[in-house]
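Here is the structure we will look at.
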């Protein structure tokens with residue numbers, strides 16, 4: 001899998017620097033740049049969204065944002081910039097102090113994956129995946145769907161094991177299967193790969209991208225890792241002091257090659273922005 | 001190969017190893033007694049104790065007293081443990097219940113429950129109620145405290161995960177909170193079993209007309225040292241049996257936890 005991830009994409013012609021520059025400067029990043037496929041994703045619109053805790057300074061400060069259905073959006077920013085809070089607000093885990101959140105596109109479930117796998121240690125792997133399903137339907141049917149999701153992340157043979165017997169990367173894959181088993185319309189990823197080693201991380205990135213392309217949910221990835229954001233996302237949001245400071249589309253076609261010069265340039269630009277913010 | 005049907009010598013040795021030290025002590029004790037190194041009037045040899053046990057088993061006296069003690073222990077444990085468990089759950093799950101009762105419970109906890117014996121005798125005489133009350137009171141606190149602690153220390157991240165995945169409150173309790181609290185509840189159970197025997201024996205020794213503690217006290221009156229030692233050995237065995245049963249239960253309930261998995 002690593003090999004396939006690292007493989008150069010043969011038919012890829014690099015866009016010119018000038019093109020990239022113009023794209024990067026294009027603030028109209030809300031246009032839909034996802035490929036055509038049967039979209040099951042949810043669209044998200046935020047208007048004047050604010051959140052402060054216990055009357056303190058706002059963590060999210062009058063934020064406006066539209067995410068079209070099926071888009072893969074990465075949110076980057078320095079720690080404490082409010083990116084995780086933004087994610088939790090969209091998921092409905094926090095209530096906004098002011099503003100409005102509208103989720104369009106139906107009743108598909110919204111799921112989140114955390115940095116920790118958060119598996120139930122006392123439930124076997126398959127039962128942990130089945131937690132992601134609603135309680136209706138026959139038990140055998142639910143188990144079959146859970147097994148299917150587990151196979152999707154390549155862990156079919158671990159179904160009967162306790163989570164304690166799995167490696168960190170495997171546990172995170174089980175958490176991914178649990179998030180995906182109900183075919184969500186929105187998958188929020190709160191630094192899901194932050195605790196993994198570099199190679200496992202690359203594996204997981206490829207897996208998330210593959211499943212996203214197959215299922216068409218809207219993906220919202222919060223990450224510290226700008227390279228990861230650039231490799232996976234259609235669009236990158238840089239959050240600073242509770243606002244969106246930069247909204248950049250990533251137009252490099254998929255599958256993307258690791259170390260691609262355009263991606264590297266974009267990564268450099270975003271990093272510059274983040275580091276400038278410190279000065 | 002027929003040899004496969006039998007446990008290997010190493011496995012047999014591993015199983016017998018814990019019993020080696022008790023066996024050595026028993027043999028040494030017997031030799032010391034037979035050789036006259038220890039006065040058998042103060043410390044009878046193991047064979048004399050076994051003979052006393054046989055004698056009392058034949059008359060049925062041993063079984064009656066054992067049965068009476070066991071019944072007292074079990075019912076006191078069920079009452080006190082049940083109340084402790086219920087209150088521990090209530091205070092772990094409800095802030096209101098916790099605010100109303102926890103301070104009171106903590107104050108009562110600091111009274112050694114055996115210091116209540118004079119009062120309990122005044123209240124209940126030397127009837128069954130006195131023993132039930134003391135055992136229930138003694139068992140209550142470890143079960144209460146550990147159930148409460150277990151529920152408080154359930155990983156809040158798992159609870160949040162359960163909420164996000166749409167678990168109802170009962171579901172959250174049965175699938176996340178209770179299994180998470182179980183290791184701690186078992187710790188309370190073990191403590192409680194120890195306190196259960198201790199309380200009962202003390203209560204029976206001081207005020208009773210039947211039971212193991214009474215049997216030992218009666219024997220002292222008649223200088224039947226072998227029966228006194230017999231009673232003490234039975235306590236040791238009962239403690240071991242209670243511990244064994246808890247361990248079995250732990251292994252069955254906590255198989256997911258690497259700390260409890262059998263080797």
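Residue numbers (the UniProt record's numbering), protein chains in the order written: chain A, 1 to 279; chain B, 1 to 263.
All residues carry an ideal CB built from backbone N, CA and C; glycine is no exception.
- At a Cβ-Cβ threshold of 8 Å, residue 81 of chain B and residue 151 of chain B do not count as neighbours.
- Between residue 77 of chain A and residue 240 of chain A, the C-beta gap is smaller than 8 Å, which places the two residues in contact.
- Counting of Cβ neighbours within 10 angstroms places residue 141 of chain A among the exposed residues, the total staying below 16.
- Look at residue 251 of chain B here: in three-state DSSP terms it is helix.
- When DSSP reads this structure, residue 51 of chain A sits in a beta bridge with A/60.
- Counting the other Cβ atoms within 10 Å of the Cβ of residue 65 of chain B gives 16 or more, which makes it buried.
- In the DSSP annotation of this structure, the continuous segment of the beta strand (DSSP E) that includes residue 249 of chain A starts and ends at 243-249.
- Taking all protein chains in view, the Cβ of residue 83 of chain A is crowded by 16 or more other Cβ atoms within 10 Å, so the residue is classified as buried.
- Among the residues of the segment 119-135 of chain A, those with a Cβ less than 7 Å away from any Cβ of chain B are 120, 121, 122, 131, 132 and 134, in the order of the chain.
- When only Cα atoms are considered, residue 233 of chain A and residue 72 of chain A end up about 5 Å apart.
- If you look at residue 125 of chain B, you'll find it isn't in any beta strand (DSSP E); DSSP assigns it neither H nor E.
- Within the segment 199-223 of chain B, no residue has a Cβ lying closer than 9 Å to any Cβ of chain A.
- Residue 103 of chain A carries a strand assignment under DSSP once its states are collapsed to helix, strand and coil.
- Note that the C-beta distance between residue 228 of chain A and residue 196 of chain A is not below 8 Å.
- Residues of the segment 146-167 of chain A whose Cβ lies closer than 7 Å to any Cβ of chain B, in chain order: 162 and 164.
- Residue 112 of chain A has a beta carbon lying within less than 8 Å of a beta carbon in chain B.
- Within the segment 164-176 of chain B, contact with chain A at the beta-carbon level (separation under 9 Å) is assigned to 164, 165, 166, 167, 168, 171, 175 and 176.
- Under the Cβ criterion of 8 Å, residue 191 of chain A is not counted among the residues facing chain B.
- Around the beta carbon of residue 222 of chain B, fewer than 16 other beta carbons sit within 10 angstroms, so the residue counts as exposed.
- For residue 201 of chain A and residue 21 of chain B, the gap between their C-alpha atoms comes out near 53 Å.
- Residue 53 of chain A sits exposed, since fewer than 16 C-beta atoms from the chains shown fall within 10 Å of its C-beta.
- Using a C-beta cut-off of 8 Å, the segment 161-181 of chain B makes no contact with the segment 122-131 of chain B, since fewer than three inter-stretch Cβ pairs fall below that distance.
- If you check the CB distance, residue 88 of chain A and residue 129 of chain A do not come in under 8 Å.
- With a contact defined as Cβ atoms closer than 8 Å, residue 244 of chain A and residue 63 of chain A qualify at about 6 Å.
- In this structure, the alpha-carbon of residue 227 of chain B lies about 16 Å from that of residue 39 of chain B.
- Around residue 257 of chain B, the beta-carbon contacts reaching into chain A at under 9 Å are 121, 122, 162 and 164.
- Residue pairing for residue 149 of chain B: DSSP places it in no beta bridge.
- Here residue 162 of chain B is buried: its Cβ has 16 or more other Cβ atoms, across all protein chains shown, within 10 Å.
- Taking a C-beta cut-off of 9 Å against chain A, the contacting residues of the segment 179-190 of chain B are 179, 180 and 182, listed in chain order.
- Look at residue 116 of chain A: its C-beta is under 8 Å from a C-beta on chain B.
- As DSSP reads the structure, residue 43 of chain A sits in a beta bridge with A/104.
- Its Cα nearest to that of residue 170 of chain B, the residue B/93 stands out among B/139, B/93, B/225 and B/220.
- Just so you know, the alpha carbons of residue 48 of chain A and residue 220 of chain A end up roughly 19 Å apart.
- Contact annotation, residue 90 of chain A with residue 44 of chain A: C-beta distance approximately 6 Å; criterion of less than 8 Å satisfied.
- Taking 8 Å as the cut-off, the Cβ atoms of residue 140 of chain B and residue 84 of chain B count as close.
- The residues 33, 52, 225, 226 and 229, in chain order, have a CB closer than 8 Å to that of residue 44 of chain B in the same chain once the five nearest residues on each side in sequence are set aside.
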